[in-house]
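Have a look at the structure below before the remarks.
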Amino acid sequence: GVENIVLVSRRGLAAPGVLGLVAELEGLGAVVRVVGCDVGDRDQVVGLLEGIADLRVVVHAAGVLDDGVLESLSAGRVGEVWRVKVGGALH
């Protein structure tokens, strides 16, 4: 029943699988727009939201992955994952 969908990722249309997802959603009757945006960057999120009229729902499913044994993860590695996952949700 969703009529308008904005898909957001850092790579936008260059994200793997996005064209197939767009085709599938459009086949179900949705109007789909794909936007490149780093949700860990507050200014980019502000710009994104300014371009979406009548926003009703946000599903945040950040996909940044940096696997490793806990002892091997540096603060920088953990920080980048959290920047996108937590920072994006906060923004």
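All residue numbers for the sequence shown refer to the working numbering, where the first residue is 531 and numbers rise by one.
Cβ atoms here follow ideal geometry from the backbone N, Cα and C, with glycine treated the same way.
Being a predicted model, the structure only gives us computed values, none of them experimental.
Proximity of residue i and residue j at Cβ, strictly below 7 Å
{"i": "Leu-551", "j": "Ile-535", "result": "no"}
{"i": "Val-569", "j": "Leu-537", "result": "no"}
{"i": "His-621", "j": "Arg-572", "result": "yes"}
{"i": "His-590", "j": "Ala-560", "result": "no"}
{"i": "Leu-578", "j": "Cys-567", "result": "yes"}
Residues bridged to residue i (per DSSP)
{"i": "Ser-539", "result": "Gly-566"}
Collapsed DSSP secondary structure at residue i in the structure displayed
{"i": "Val-548", "result": "helix"}
{"i": "Val-608", "result": "helix"}
Residue i burial status per 10 Å Cβ neighbour count (16 or more: buried)
{"i": "Ser-604", "result": "exposed"}
{"i": "Ser-539", "result": "buried"}
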